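Residue numbers (numbering that gives the first Met the number 0), protein chains in the order written: chain A, 0 to 392; chain B, 0 to 392.
Note that beta-carbon positions come from the ideal geometry of N, C-alpha and C, so glycine has one too.
Quick caveat, the model's predicted, so the values are computed rather than measured.
Following: one structure in structure tokens, then a few remarks.
Protein chains: 2
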Amino acid sequence: MASHPLLVAPPEVLLKPISVPHRLLLGPGPSNLAPRVLAAGGLQMIGHMHKEMYQIMDEIKQGIQYVFQTKNRLTLAISGSGHSALEAALFNLLEPGDSFLVGVNGIWGQRAAEIGERVGARTHPMTKDPGGHYTLQEVEEGLAQHKPVVLFLTHGESSSGVLQPLEGYGELCHRYQCLLLVDCVASLGGAPIHMDQQGIDVLYSGSQKVLNAPPGTALISFSDKARDKIYSRKTKPYSFYLDIKLLANFWSCDDDKPRTYHHTTPVIGLFSLRESLALIAEEGLENSWRRHREVTAYLQERLQELGLQLFVKDPVLRLPTVTTVAVPAGYNWRDIVNYLIDHFSIEITGGLGPSVGKVLRIGLLGYNATRENVDRVAEALKEALQRCPRSQL
Amino acid sequence: MASHPLLVAPPEVLLKPISVPHRLLLGPGPSNLAPRVLAAGGLQMIGHMHKEMYQIMDEIKQGIQYVFQTKNRLTLAISGSGHSALEAALFNLLEPGDSFLVGVNGIWGQRAAEIGERVGARTHPMTKDPGGHYTLQEVEEGLAQHKPVVLFLTHGESSSGVLQPLEGYGELCHRYQCLLLVDCVASLGGAPIHMDQQGIDVLYSGSQKVLNAPPGTALISFSDKARDKIYSRKTKPYSFYLDIKLLANFWSCDDDKPRTYHHTTPVIGLFSLRESLALIAEEGLENSWRRHREVTAYLQERLQELGLQLFVKDPVLRLPTVTTVAVPAGYNWRDIVNYLIDHFSIEITGGLGPSVGKVLRIGLLGYNATRENVDRVAEALKEALQRCPRSQL
Ligand SMILES: Cc1ncc(COP(=O)(O)O)c(C=O)c1O
Ligand SMILES: Cc1ncc(COP(=O)(O)O)c(C=O)c1O
């Protein structure tokens, strides 16, 4: 074997220790890890196909069924971030030429539409300014006009702070032979969602928001209707990694068949996810919903006392996890965000996608949703508003 | 807002503590986490777009350039397992109708061919029995016949234990206007690879083998030729999550443009990956290669002393990380694997894909590649061979 001299030397930066600051993460996620989740991140590896791992996967499945409020057997965790769950949904549900209706009232709908286009669906965006939501009537018009096989809605629109109502949408979709796909990445555990009772066909979420687990795993579940659509596809999905039939086998959602190796799952990430689901099972979903509602209401009060304007006018449409305020007149949003990081080690963020420049976003997610944290961020904001440059109006 | 009663109660299993046994992982991966990597898993979260995270990502990029021995700017980590890196490569390199030549001498080539088919490439497998490898002449015949745009080869064929030679293959491919894509998931850090000097156009690896980091991140790099092919595509890749142009921006491989949010990267997984790359930078690649070669040679000696037959006959073609032995006559491979787990808490595995039933696989990966571990597994195997049922021959 010919041998080569080394062309690239060991990088100097890697010979120094890793540097990770402590931050209070009050943006729209990732949130701080709960102590028990943190502990799980320090556990030693086991094999992805060891029986103890299968046990943990079964526990995760049950945990997802609980937080989603579903009895769907086809329920599992995806080995990737929230976007990979969205791709898993669309790659498996849509075939080229299928009609796909998308509520685009912020970045997440944009992303869904983008992926719909990529897989060759006839993609119909229903575009609204950030802050908008979809009424039953608007959805019905879209369904009647485009006869989609899938409708995408975002439950917790974290770029605008809107909570999309979901009561009646599933039923409506089913009257039009359409499947309802819902993103609850930013709302799960913070705002009520009842997958089965609300007739949601595909629901997905992320690990790094209310669940306080590290990013890198995502939750997903499919109704029988969605399952049937997938199992009667004429073409294989483009992705092997996200092929739900194969994942269903590995997650043992198909009782009969023995599990076969598909890919190496993120073992440690799954430990953390398991612990985060255990925490919410212990607290109780309804308690978690109430806590988010109350603490976020307190935040909104404190923000208004500071003279800030909530971006979402109708209280019923305000997300109880991520709060948006209009960027206060005369300020550059970046100055405020930087002030909080630099002086308080607190993260809040600006807008995202269509809401950039319009809003500041403050998240109270899971373990971080406490009155103490509201007080900390409100005090920090108060100081920022005094100290940051303000142009003459 | 209508409210529903809870349909699903908190799962009992989640109210019990998580249970994770201690195991010595001497299968083909995941391997045990090195202590420093384990410590990184217990660090607290920061934002995926914080400047400290960008610094860590830059360190990872440099670490990948080092372990791959490449100066490619388009070098980054994928937020998924080894398979997601393979998909990232194929989704971005191939367009429908492109000719794709695949060395299928085990499961990894099967997987590459499967993904090639899914994305609509004209996929040409060069199929061999497990244990086979590809000579320059065989590759040249394939190139001449199929005029592929991409050739896939597996450097460390972990399902058969074969080390594919790579000297001259890049040059050969380039003479035929073909890009060379190589899987080094199971060999990186254990067997010499020189991406630039060997003319490899796309190289990818996983985190959970010699690097001793948790599964969930993967390493990938693209030569300028590969980059040009990607940047001159006529169609967008099907996947947004794995779109290399977008990832290149987020990983700042495109100097000029500011980073924009793409997806939430696996922050904690990246901490671990950074630490694993730091460990190999400290040890030095050549030392790591030598250690794997020596310790695996010692393992092979011990195995032969037990009367076991190495599956790969030619010593030059033996992978210095994952060793395959023929299942000893009269034994059921499952009995041996189970004996080691049950009595010694040591994982070794059977075959995978086409090598199932043919081999036992023993991995000495990174931190686990020590003479002590060889002694432990050899002693355990000795006992298993005495105690496991053996049919009359
Ligand atoms: C509502 C919503 N959907 C989807 C995502 C995307 O998730 P990820 O960044 O994990 O890919 C996010 C992340 O912030 C989100 O808030
Ligand atoms: C050579 C090789 N390629 C690819 C893979 C796939 O990686 P993953 O299981 O992380 O998706 C493996 C995993 O064992 C491997 O050994």
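Cα-Cα separation, residue i to residue j
i	j	result
leucine 318 of chain A	valine 324 of chain A	12 Å
leucine 202 of chain B	glutamine 68 of chain B	11 Å
glycine 131 of chain A	glutamine 196 of chain A	25 Å
tyrosine 168 of chain A	isoleucine 106 of chain A	21 Å
alanine 190 of chain A	asparagine 286 of chain A	11 Å
aspartate 374 of chain B	leucine 278 of chain B	24 Å
tyrosine 338 of chain B	lysine 235 of chain B	50 Å
leucine 5 of chain B	lysine 224 of chain B	56 Å
arginine 290 of chain B	serine 2 of chain A	16 Å
aspartate 242 of chain A	glycine 188 of chain A	27 Å
proline 353 of chain B	glycine 115 of chain A	36 Å
methionine 52 of chain B	leucine 384 of chain A	27 Å
alanine 39 of chain A	glycine 329 of chain A	45 Å
leucine 25 of chain A	leucine 309 of chain B	56 Å
serine 157 of chain B	leucine 269 of chain A	24 Å
leucine 245 of chain A	histidine 262 of chain B	24 Å
alanine 247 of chain A	glutamate 58 of chain B	36 Å
methionine 48 of chain B	tyrosine 260 of chain B	8 Å
glutamate 346 of chain B	isoleucine 340 of chain B	6 Å
alanine 76 of chain A	glycine 108 of chain B	26 Å
Near ligand 2: residue i beta-carbon under 6 Å from a heavy atom
i	result
threonine 263 of chain A	yes
valine 184 of chain B	yes
tryptophan 288 of chain A	no
tryptophan 107 of chain B	yes
heavy atom of ligand 1 below 6 Å from residue i C-beta
i	result
alanine 76 of chain B	no
glycine 205 of chain A	yes
serine 157 of chain A	yes
glycine 26 of chain A	no
alanine 225 of chain B	no
serine 30 of chain A	no
arginine 82 of chain A	Before going on, a small fix: residue 82 of chain A reads as histidine here, not arginine. Flag set: Cβ of histidine 82 of chain A near ligand 1.
Sequence-distant residues of its chain with Cβ nearer than 8 Å to residue i (five each side left out)
i	result
glycine 356 of chain B	Val326, Trp332, Gly349, Gly350
proline 95 of chain B	Val118, Gly119, Ala120, Thr234
methionine 0 of chain A	Below a pLDDT of 50, predicted positions are generally treated as unreliable, and methionine 0 of chain A, at 48, falls in that range; no measurement from the model is reported.
Simplified DSSP assignment, three categories, for residue i
i	result
glycine 356 of chain B	coil
arginine 389 of chain B	coil
alanine 237 of chain B	Contrary to the premise, residue 237 of chain B reads as tyrosine rather than alanine in this sequence. Coil, per DSSP.
threonine 259 of chain B	coil
serine 275 of chain A	helix
phenylalanine 310 of chain B	coil
isoleucine 347 of chain B	coil
aspartate 182 of chain A	strand
serine 220 of chain A	strand
leucine 100 of chain B	strand
glycine 215 of chain A	coil
asparagine 59 of chain A	Note on residue identity: the sequence assigns isoleucine, not asparagine, to residue 59 of chain A. Isoleucine 59 of chain A falls in the helix class under three-state DSSP.
leucine 42 of chain B	coil
glycine 28 of chain A	coil
isoleucine 340 of chain A	helix
arginine 317 of chain B	strand
leucine 269 of chain A	helix
Residue range of the beta strand (DSSP E) that includes residue i
i	result
phenylalanine 151 of chain B	149-153
methionine 48 of chain A	It is not in any beta strand (DSSP E) - methionine 48 of chain A carries neither H nor E in the DSSP assignment.
proline 407 of chain A	Because chain A spans 0 through 392 in this model, residue 407 of chain A falls outside it and cannot be assessed.
leucine 73 of chain B	73-77
glycine 205 of chain B	201-205
alanine 325 of chain B	321-325
Close Cβ partners of residue i (< 6 Å) along its chain, the five nearest in sequence each way excluded
i	result
valine 393 of chain B	Chain B is shown from 0 up to 392; residue 393 of chain B falls before or after that span and cannot be answered.
methionine 125 of chain B	Gly102, Gly141
leucine 152 of chain A	Gly102, Gln163, Val181
Unbroken alpha helix (DSSP H) run spanning residue i, endpoints
i	result
glycine 115 of chain A	106-117
valine 138 of chain A	135-145
alanine 87 of chain B	81-92
asparagine 248 of chain B	243-249
glutamate 166 of chain B	Taken as a continuous stretch (DSSP letters only), glutamate 166 of chain B belongs to no alpha helix (DSSP H), as it is neither H nor E.
valine 294 of chain B	284-304
7 Å CB neighbourhood of residue i in its chain, flanking five on each side removed
i	result
valine 294 of chain B	Leu363, Ala368, Thr369, Arg370, Val373
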